Amino acid sequence: MSQTLIEKYVMPNYGRYDFWPERGLGTYVWDRDGRKYLDFAGGVAVCPVGHCHPEVVEAIQTQAATLIHISNWYCIRQQGELAEMLVEKVMGIPGKCFFSNSGAEANEGLIKLARRFGTTRPKADGSPRFEIITCTGSFHGRTFATMTATAQEKIHGGFGPLLPGFKYIPFNDVEALKAAVNENTVGILFEPVQGESGVNVATPEFLRAAAALRDQHDLLLLLDEVQCGLGRTGEPGGWRSIIPGDEILPDAISWAKSIGSGYALGSFWTRDRAIGPEPDAVRLCNLLGAGSHGTTYGGSPLACATAMATLKVILRDGLIARSKEMGERIVKEVASWNLPAITATRGFGFMLGFELNTHLIEAREDFKASGKLPSIWVTQLLMDAGLLVVPAGPKVIRWLAPMNTSDARQRRASAS
Ligand code: PLP
């Protein structure tokens with residue numbers, strides 16, 4: 117009956133699994149028949165403290181009974197408090213935040229910031245710089261600009277002509293990155309750990325080259341940490357899992373997913389740095405001035421209260437360090453099994469990708485009969501066994517478990 121309703125009334129843009137979750141608690145989800153699943157999909161990296169964490173639920177209930185929404189024309193106290201947490205406790209680099217509703221919108225903000233920057237710091241002839249370099253295998257969202265920024269043909273298919281002003285290079289190709297910079301370039305945008313295309317980690321060389329080109333050519337270094345940010349990779353900033361500390365200072369970072377424990381919220385941070393020569397320089401974090409950008413819902417009291425409760429648990433319970441430790445242990449443990457079905461393990465913390473041995477899978481009659489991609493076929497098998505994971509590209513399985521997943525649950529997942 118319900119499936120009929122989805123088929124009849126909901127657009128068919130998702131290739132859905134025939135799986136009907138009804139409730140969740142911690143690392144578990146129950147389906148409509150009462151069957152229990154270990155959830156290592158986490159709403160695709162959305163539930164860092166598990167489903168319905170009591171402190172998050174309480175924050176939502178209290179705030180919902182006090183003030184759900186109020187216009188961004190007014191001063192929303194919770195935005196200031198959440199931004200302070202993000203700047204001081206997560207980034208540790210001076211800057212300011214904007215609040216949106218989703219990851220794509222957060223990335224739209226980065227793109228608008230870059231365009232504004234290109235107008236403020238134009239070419240020698242006074243015309244704006246506008247080109248942003250992005251990478252193959254990226255995923256930045258489904259709005260028009262973020263879809264165009266996403267360097268994957270399968271995402272673009274049937275929506276052309278795309279937005280001008282994006283240049284694609286192969287991920288981690290330093291020479292291609294250098295060659296792509298021209299007088300129109302205004303920024304370099306990438307995910308330090310690519311999620312959707314298979315948990316591909318940026319190399320330290322690539323990160324360093326991007327930062328050096330930024331300095332050399334007066335560009336912006338824009339990091340999409342919608343999936344890899346906020347501690348999931350074992351560092352407060354995803355890029356710091358690759359190069360720790362402050363060697364690399366990004367100019368702007370986008371977040372979503374984990375930030376709101378599933379309540380719709382996105383954000384981007386911009387660094388407090390001078391644009392152009394002092395003393396008259398504008399600050400980058402003030403570039404999007406009054407009237408330049410906005411949203412009705414983004415950063416509502418309810419969204420911010422939910423995010424603060426989530427971040428409070430992450431920081432208080434040491435879940436970032438825990439992600440790092442658990443990730444290292446899982447990678448080591450899985451490697452020790454020498455599973456013929458897994459050819460490589462990538463990622464950090466609770467953002468791990470297991471690459472499948474497609475030759476082994478493709479030789480199986482039951483796989484051939486399924487007509488599915490290897491990653492989707494294995495995801496279904498694991499689901500049938502009671503473990504939820506996420507496919508990433510055709511041959512990678514992602515684990516995006518809650519950052520407070522216990523060792524016991526970890527062992528149970530390993531056993532299945
Ligand atoms: N950026 C990255 C790295 C993502 O993984 C996603 C979603 O998967 C997005 C952007 C888009 O976020 P949203 O779906 O919240 O718009």
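Residue numbers for the sequence shown, in my numbering: 117 to 532. Backbone N, C-alpha and C define an ideal beta-carbon position, used for all residues, glycine too. Since we're looking at a predicted model, the values are computed, not measured.
If residue i and residue j are in contact, beta carbons under 8 Å, what's the gap, nearest whole angstrom?
| i | j | result |
| --- | --- | --- |
| E341 | W371 | 6 Å |
| I563 | A425 | Residue numbering for the chain in the displayed model covers 117 to 532; residue 563 lies beyond these limits and cannot be assessed. |
| Q268 | E307 | Q268 to E307, Cβ: 12 Å. No contact. |
| S357 | F255 | S357 to F255, Cβ: 18 Å. No contact. |
| V302 | F233 | 6 Å |
| F466 | M442 | 7 Å |
| G502 | Y190 | Not a contact, Cβ separation roughly 47 Å. |
| I304 | L329 | 7 Å |
| V447 | T461 | 5 Å |
Quick one: Cα of residue i to Cα of residue j, how far?
| i | j | result |
| --- | --- | --- |
| G150 | R389 | 53 Å |
| N129 | N298 | 37 Å |
| A437 | R348 | 9 Å |
| E247 | M263 | 15 Å |
| A161 | L468 | 11 Å |
| Q526 | P244 | Bear in mind that a pLDDT of 48 at Q526, under 50, signals an unreliable position, so the model cannot answer this. |
| M117 | W453 | The predicted model places M117 with a pLDDT of 48, which falls under 50 and marks its position as unreliable; any figure quoted below should be read in that light. Distance between the alpha carbons of M117 and W453 is about 43 Å. |
| E537 | V494 | Since the first residue of the chain shown is 117 and the last is 532, residue 537 is not available in this structure. |
| E449 | K124 | 45 Å |
| G361 | T120 | 52 Å |
| N288 | N316 | 9 Å |
| D147 | G281 | 45 Å |
| C401 | V309 | 24 Å |
| Q194 | D500 | 42 Å |
Restricting to Cα atoms, I'd like to know which of the options is closest to residue i.
| i | options | result |
| --- | --- | --- |
| L346 | P393, S416, W493 and L435 | L435 |
| G142 | R132, G273, E171 and L121 | E171 |
| K373 | G253, A240 and P518 | P518 |
| G253 | H272, T236 and G242 | H272 |
| A230 | S408, L503 and A460 | S408 |
| P286 | R258, L455 and F322 | F322 |
| I430 | L489, G166, R330 and V145 | G166 |
| K488 | G502, L503, P507 and A501 | P507 |
| G410 | A397, G382 and V126 | G382 |
| A292 | G208, E478, R399 and A325 | A325 |
| A296 | C251, F483, C401 and V447 | C251 |
| I369 | L504, L339 and P393 | L339 |
| P320 | G311, T459 and G354 | G354 |
| K228 | F384, A380, L498 and Q496 | F384 |
| P164 | D433, I122 and F275 | D433 |
| I391 | H185, T235, T182 and D241 | T235 |
Report the three-state DSSP secondary structure of residue i (helix, strand or coil).
| i | result |
| --- | --- |
| G487 | coil |
| M117 | Any answer about M117 is weak, because its pLDDT of 48 lies below 50 and its placement is not dependable; what the coordinates show is given next. Three-state result, M117: coil. |
| I209 | coil |
| R399 | strand |
| C420 | helix |
| Q526 | The pLDDT assigned to Q526 is 48, lower than 50, so where the model puts this residue is not dependable, and the model offers no usable value. |
| F233 | helix |
| F322 | helix |
| A167 | In the sequence on display, residue 167 carries His and not Ala. Three-state result, H167: strand. |
| M442 | helix |
| A451 | helix |
| V172 | helix |
| D289 | coil |
| Q179 | helix |
| A380 | coil |
| M519 | coil |
| F470 | strand |
| V160 | helix |
| Q195 | helix |
| L427 | helix |
| Y153 | strand |
| L476 | helix |
| V317 | strand |
Report yes if the C-beta distance between residue i and residue j is below 7 Å; otherwise report no.
| i | j | result |
| --- | --- | --- |
| L516 | G158 | yes |
| L337 | D367 | yes |
| N217 | G414 | yes |
| V512 | S491 | yes |
| Q179 | P417 | yes |
| A423 | G376 | yes |
| V57 | D155 | For residue 57 there is no data in the structure shown, the boundaries of the chain being 117 and 532. |
| N473 | A457 | yes |
| F215 | G225 | no |
| C420 | L202 | no |
| G211 | T386 | yes |
| I249 | K294 | no |
| G509 | G257 | no |
| C168 | G131 | no |
| D334 | R237 | yes |
| V505 | L498 | yes |
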